[in-house]
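*Asks:*
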Amino acid sequence: MSAFFYGTLMHPEILKRVIGNDGSHLYICPAVLLEFTRHRIKGADYPGIVPYATGLRVLFDDELDRKACSVRGTMVTGLTASDIALLDTFEGDEYTKKTVHLHPLAELVALADHKMTVSAPATPLPPDAELRAPVEVDTYVYNDISALMRDVWDFDDFVAKNAWKWYGPGARARG
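In terms of UniProt numbering, the sequence shown opens at residue 1 and continues consecutively.
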């Protein structure tokens with residue numbers, strides 16, 4: 001099974017902690033989900049995404065440019081039924097699992113070989129005509145739009161300030 005992660009689960013150590021194994025069966029690549037926006041959640045370290053059309057009615061005064069109404073994250077393949085069950089529990093009732101179509105931005109690599117380069121600036125998105133073919137995956141869409149802030153959630157900021165809370169010996173449960 002394949003999934004798109006756009007928040008805390010983009011961090012390989014957090015993903016491995018949640019699924020309870022070393023992830024040696026997983027493959028990962030950067031990807032982009034078009035027509036969605038990622039936001040900070042009031043009082044939380046983790047983000048939520050909503051379809052751009054939904055957010056436009058509630059969160060924004062004006063239309064956004066292409067970059068702002070797309071979400072970069074990671075596509076993970078090879079997830080087992082057990083992994084998915086643990087991910088569903090982790091996400092809880094704050095999110096609804098939805099099937100979406102995303103565009104991979106690179107080739108898949110083994111999670112074990114993945115090097116997380118947090119400080120590397122994202123390359124510009126290619127024009128739509130140059131994007132790789134869409135891939136169908138599941139992702140978790142945030143349910144309570146009223147809890148979302150207009151602010152965009154930033155992965156680099158999360159890694160610098162909060163990721164340590166989510167993995168390793170001192171990790172605490174989300175919530």
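The beta-carbon is built from N, C-alpha and C at its ideal position, and this holds for glycine as well.
Run through DSSP, which three-state label would A163 get?
*Replies:* Residue state, collapsed to three classes: helix.
*Asks:* Can you tell which of A163, V76, P12 has the C-alpha that lies nearest to the C-alpha of E107?
*Replies:* Of A163, V76, P12, the residue nearest in Cα terms is V76.
*Asks:* Check whether the Cβ atoms of I49 and V71 sit closer than 8 Å, and answer yes or no.
*Replies:* yes
*Asks:* Look at the Cβ atom of V109, then the Cβ atom of T139, and state whether they are nearer than 8 Å.
*Replies:* no
*Asks:* Which same chain residues, not among the five before or five after L129, have their C-beta less than 8 Å away from its C-beta?
*Replies:* Checking the displayed sequence, the identity of residue 129 turns out to be Ala instead of Leu. So no residue of the chain qualifies.
*Asks:* Under the assumption that L87 contacts G20 (Cβ atoms under 8 Å), give the Cβ distance between them as a whole number of angstroms.
*Replies:* Not confirmed; about 11 Å, so no contact.
*Asks:* Can you check which of these residues, H103, H11, R38, is closest to R132 by C-alpha distance?
*Replies:* The candidate whose alpha carbon is nearest that of R132 is H103.
*Asks:* Between the alpha carbons of K97 and I28, how many angstroms are there, rounded?
*Replies:* CA-CA distance, K97 to I28, rounds to 19 Å.
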